[in-house]
Amino acid sequence: MAEVSLQNISKSFGESQAVRNLTLTIRDGEFVVLLGPTGAGKTTTLRLIAGLEKPDTGRVTIGGQDMAGSAPAGRDVAFVFQQYSLYPHLTVYENLAFPLRSPARRLGADEIDRRVREVARMVRIDHKLENRSTRLSGGEMQRVAIGRALVRKPSIYLMDEPLSSLDAKLRGELRLELKRIQRELGSTLLYVTHDQIEAMTMADRIGILNDGELIQLGTPREIYSNPVNLHVAARLGQPHINLIPAGLVPGGRAPSGTKTVGARTEHLEIHAGNGSANAEIDWIEHLGDQSHLHLRIAGHKLVTLANPYVPVRPGDKITLTLKDPLYFGSDGQRLV
Amino acid sequence: MSAINSAHSVVEPSPTSKHIAGAIVILYALITMVPLAWIFLTSIKSPPDSISYPPKVLFSPTLEGYCNLFTTRTRQTPDYIAALPAPTSTCDEVTRKRNMVIAGPSNFLPRFVNSLVIAFGSTFLAVFLGTLAAYGFSRFKVPLADDLLFFILSTRMMPPIAVAIPIFLMYRELGLSDTALGMILLYTAVNVSLAVWLLKGFIDEIPREYEEAAMIDGYTRLQAFWKVVLPQATTGIAATAIFCLIFAWNEYAFAALLTSGSAQTAPPFIPTIIGEGGQDWPAVAAGTTIFLVPILVFTILLRKQLLRGITFGAVRK
Numbered sequence: 104m105a106e107v108s109l110q111n112i113s114k115s116f117g118e119s120q121a122v123r124n125l126t127l128t129i130r131d132g133e134f135v136v137l138l139g140p141t142g143a144g145k146t147t148t149l150r151l152i153a154g155l156e157k158p159d160t161g162r163v164t165i166g167g168q169d170m171a172g173s174a175p176a177g178r179d180v181a182f183v184f185q186q187y188s189l190y191p192h193l194t195v196y197e198n199l200a201f202p203l204r205s206p207a208r209r210l211g212a213d214e215i216d217r218r219v220r221e222v223a224r225m226v227r228i229d230h231k232l233e234n235r236s237t238r239l240s241g242g243e244m245q246r247v248a249i250g251r252a253l254v255r256k257p258s259i260y261l262m263d264e265p266l267s268s269l270d271a272k273l274r275g276e277l278r279l280e281l282k283r284i285q286r287e288l289g290s291t292l293l294y295v296t297h298d299q300i301e302a303m304t305m306a307d308r309i310g311i312l313n314d315g316e317l318i319q320l321g322t323p324r325e326i327y328s329n330p331v332n333l334h335v336a337a338r339l340g341q342p343h344i345n346l347i348p349a350g351l352v353p354g355g356r357a358p359s360g361t362k363t364v365g366a367r368t369e370h371l372e373i374h375a376g377n378g379s380a381n382a383e384i385d386w387i388e389h390l391g392d393q394s395h396l397h398l399r400i401a402g403h404k405l406v407t408l409a410n411p412y413v414p415v416r417p418g419d420k421i422t423l424t425l426k427d428p429l430y431f432g433s434d435g436q437r438l439v
Numbered sequence: 013m014s015a016i017n018s019a020h021s022v023v024e025p026s027p028t029s030k031h032i033a034g035a036i037v038i039l040y041a042l043i044t045m046v047p048l049a050w051i052f053l054t055s056i057k058s059p060p061d062s063i064s065y066p067p068k069v070l071f072s073p074t075l076e077g078y079c080n081l082f083t084t085r086t087r088q089t090p091d092y093i094a095a096l097p098a099p100t101s102t103c104d105e106v107t108r109k110r111n112m113v114i115a116g117p118s119n120f121l122p123r124f125v126n127s128l129v130i131a132f133g134s135t136f137l138a139v140f141l142g143t144l145a146a147y148g149f150s151r152f153k154v155p156l157a158d159d160l161l162f163f164i165l166s167t168r169m170m171p172p173i174a175v176a177i178p179i180f181l182m183y184r185e186l187g188l189s190d191t192a193l194g195m196i197l198l199y200t201a202v203n204v205s206l207a208v209w210l211l212k213g214f215i216d217e218i219p220r221e222y223e224e225a226a227m228i229d230g231y232t233r234l235q236a237f238w239k240v241v242l243p244q245a246t247t248g249i250a251a252t253a254i255f256c257l258i259f260a261w262n263e264y265a266f267a268a269l270l271t272s273g274s275a276q277t278a279p280p281f282i283p284t285i286i287g288e289g290g291q292d293w294p295a296v297a298a299g300t301t302i303f304l305v306p307i308l309v310f311t312i313l314l315r316k317q318l319l320r321g322i323t324f325g326a327v328r329k
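Here the protein sequences line up with chains A and B, keeping their order.
Quick note, the numbering used here runs 103 ahead of the 1-based positions in the first sequence.
Quick note, the numbering used here runs 12 ahead of the 1-based positions in the second sequence.
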């Protein structure tokens with residue numbers, strides 16, 4: 104394991120700038136998640152570290168060594184791709200053994216066998232070692248793909264949305280497994296996703312990327328509670344943060360220059376309307392353990408979470424007040 | 013499956029349509045097989061039977077055609093033949109009945125070996141070069157790639173024989189006339205454009221993530237190509253090899269023009285087999301029958317690869 108560092112990395116493909124002046128350090132043993140929408144430069148960042156792309160400017164160092172001019176094989180990184188992750192002409196066993204049989208490593212047959220079986224047990228695929236890799240379910244394929252990365256002991260694991268093509272239940276299971284394995288091995292891991300739940304649950308630190316730029320880097324709590332701008336605030340939180348004009352909802356103390364107020368569920372207080380009602384319940388989505396309340400206030404729509412046993416019905420008048428919400432200026436930056 | 017289900021199924025053809033399709037295939041097979049069957053039957057007829065009119069459907073089969081194909085014979089007097097020791101082979105016997113004795117082997121075997129060497133040699137070269145070029149075009153930014161590909165294809169826009177005269181003159185100057193090397197190079201040049209285009213299509217279909225994964229796993233690009241791309245391109249390589257081989261094996265015009273002696277292939281040789289008093293049709297038919305065997309075997313061997321390519325669509329996309 105090693106510390107991986109990107110310094111002032113830029114990369115463009117023709118006209119489009121994929122990564123802009125990115126500086127990021129992933130500490131030894133740290134799990135960093137890059138979160139951002141499609142086209143934000145997440146995958147390009149991974150490919151730059153792996154050596155599959157050359158940066159236009161800037162430096163990549165792994166374990167303190169400058170990687171400029173190093174071929175992917177010489178960088179000691181492991182990569183889990185979003186798809187096409189397994190060699191279709193090989194069995195599960197051969198897929199797992201493939202990196203160990205490479206000319207760069209040349210391990211003995213016994214050592215390869217030992218490590219393949221150990222990792223197969225870890226990712227719970229040991230009962231299918233002799234299967235052709237195409238004869239697996241989606242979840243099994245991704246487990247083998249993760250296993251193929253784990254079978255080596257690289258400086259850093261790079262994972263490009265490895266769970267995105269799986270169904271929700273499987274994704275949840277593998278998320279936990281991946282975090283468990285990373286903790287057990289103490290691995291350095293850079294993980295790319297656009298799924299905020301994956302980012303929140305697995306990351307030691309989250310980096311928010313947009314349009315090739317790293318906008319904010321911090322622990323999941325920091326990113327959630329102290330977003331630096333509207334974009335970051337909008338990336339996290341379920342339901343989506345409510346962005347409303349300043350002065351629409353009473354309460355809170357807006358600093359001067361506030362244009363937009365960001366209000367999550369915990370920033371909104373609801374009381375039964377008693378003469379001072381300023382909002383109305385539009386409709387209620389019952390999700391079982393909780394409900395989404397859709398509110399309307401002066402022509403604006405808000406969504407918030409509520410206990411499903413709160414005795415409200417669509418059409419009810421309520422009093423809505425703010426409690427320490429987030430304030431943003433006209434440039435979208437956070438005001439404190 | 014119940015009758016109602018099958019009547020409404022969109023994936024399972026109905027029994028009637030299966031029967032009709034089967035009948036069409038059998039009819040087509042019969043039409044294409046008749047000439048082949050006729051050639052085979054002619055090869056086991058005696059020379060008089062082979063040219064009798066109306067054609068004989070019932071006849072007593074003989075290996076005379078095959079004997080004549082592989083041997084040269086001289087006519088002798090009946091007394092001379094009677095004085096010879098007992099015949100040692102079927103061919104001896106058949107030949108003596110015509111008042112002839114075997115003088116030695118014919119040129120068929122060396123011509124057939126020439127065909128094997130030239131056809132398989134040029135197929136190997138065309139597929140080898142085609143695979144590398146197709147991989148290059150598929151994976152790298154080649155300057156003017158589209159123009160180059162068009163240029164490569166343009167070599168097939170006229171029948172190859174249209175350039176026969178310049179090639180004939182060029183080969184004479186270079187000393188490549190009537191050499192196996194010259195024929196291999198020529199067929200390779202004709203086939204390589206087909207190989208590049210066919211294989212580029214197949215290699216484009218193989219996601220480059222596989223090679224990238226292999227390169228990160230510790231392999232060089234060449235090793236990744238060998239370990240990951242080639243195994244997945246086998247279907248395309250097999251199909252391309254069959255097309256190249258069929259062309260090189262059957263090619264007549266260049267072979268007739270550029271070879272006459274040591275490098276002559278079977279196609280220009282077979283029609284020149286002359287018997288006594290005219291064309292020896294059973295021997296020609298025997299030569300044609302034997303000529304079919306290698307390509308048949310090659311196609312049947314690779315057919316598994318081709319079928320696997322069609323039914324192997326289990327790769328997750």
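Quick reminder that beta carbons are idealized off the backbone N, C-alpha and C, glycines included.
- Taking C-beta atoms under 8 Å as the contact rule, P330 of chain A and L203 of chain A fail to qualify, at a distance of about 43 Å.
- With respect to the C-alpha of P47 of chain B, the residue from B:T300, B:I173 and B:R315 having the closest C-alpha is B:T300.
- Residue pairing by DSSP leaves L48 of chain B without any beta bridge partner.
- T368 of chain A and A181 of chain A have their C-alpha atoms roughly 40 Å apart.
- Contact annotation: the segment 235 to 250 of chain B touches the segment 207 to 216 of chain B, with at least three C-beta pairs closer than 8 Å.
- In this structure, L279 of chain A sits away from I249 of chain A, with a CB-CB distance that is not shorter than 8 Å.
- Between P265 of chain A and Q245 of chain A, the CB-CB gap stays under 8 Å.
- Chain A places a beta carbon closer than 8 Å to that of T232 of chain B, counting this residue as a contact.
- Under the 8 Å Cβ criterion, the segment 423 to 438 of chain A counts as touching the segment 352 to 360 of chain A, having at least three qualifying pairs.
- Counting only the Cα atoms, R108 of chain B lies some 53 Å from I32 of chain B.
- Counting other Cβ atoms within 10 Å of its Cβ, V125 of chain B stays below 16 and is therefore classed as exposed.
- Bridge partners of Q436 of chain A according to DSSP: A:N332.
- In the structure shown, M262 of chain A adopts extended strand secondary structure according to DSSP, grouped into three states.
- For the segment 154 to 176 of chain A, the set of positions with a beta-carbon nearer than 9 Å to some beta-carbon of chain B reads G154, L155, A174, P175 and A176 in chain order.
- Close partners of D216 of chain B in chain A (Cβ separation under 9 Å) are lacking, with about 14 Å as the shortest Cβ gap.
- By the beta-carbon neighbour count (other beta carbons within 10 angstroms, threshold 16), Y65 of chain B is exposed.
- The beta carbon of V107 of chain A lies closer than 6 Å to those of I129, I165 and I259 in the same chain, with the five residues before and after it left out.
- A contact between stretches requires three or more CB pairs, one per stretch, nearer than 8 Å, and the segment 287 to 300 of chain A meets this requirement with the segment 120 to 140 of chain A.
- When 7 Å is used as the limit between beta carbons, A225 of chain B is near these residues of chain A: F182 and F184, in chain order.
- Fewer than three pairs of CB atoms, one per stretch, sit closer than 8 Å, so the segment 119 to 139 of chain B makes no contact with the segment 227 to 234 of chain B.
- At the C-beta level, V183 of chain A and D307 of chain A stay beyond 8 Å of one another.
- For P243 of chain B, the residues of chain A that pass the 7 Å Cβ criterion are H192, in the order they occur in the chain.
- Take the alpha-carbon of L261 of chain A and the one of R233 of chain B: they are about 20 Å apart.
- The beta-carbon of D159 of chain B is placed no less than 8 Å from the nearest beta-carbon of chain A.
- The segment 64 to 78 of chain B makes no contact with the segment 279 to 289 of chain B, as fewer than three CB pairs between them are under 8 Å.
- 8 Å or more divides the Cβ of R324 of chain A from the Cβ of Q299 of chain A.
- If you ignore the 5 residues before and after V352 of chain A, its C-beta comes within less than 6 Å of the C-beta of L423 and L425, all in its own chain and listed in chain order.
- I421 of chain A is positioned such that its CB atom lies no closer than 8 Å to that of A366 of chain A.
- Judged by their CB atoms, E223 of chain B and V240 of chain B are nearer to each other than the 8 Å cut-off.
- One alpha carbon belongs to N345 of chain A, the other to R437 of chain A, and they sit about 15 Å apart.
- Annotation for P206 of chain A: no beta strand (DSSP E) segment contains it, and DSSP assigns it neither H nor E.
- Here the C-alpha atom of R255 of chain A lies approximately 31 Å from the C-alpha atom of E316 of chain A.
- By the rule that beta-carbons nearer than 8 Å mark a contact, R208 of chain A touches chain B.
- Ranking B:F52, B:P178, B:L160 and B:V113 by CA distance to the CA of T89 of chain B puts B:V113 first.
- Inside the segment 194 to 243 of chain B, DSSP marks whole alpha helix (DSSP H) runs of 4 or more residues at positions 221 to 228 and 233 to 236, from first to last along the chain.
- S119 of chain A and F237 of chain B have their alpha carbons spaced roughly 30 Å apart.
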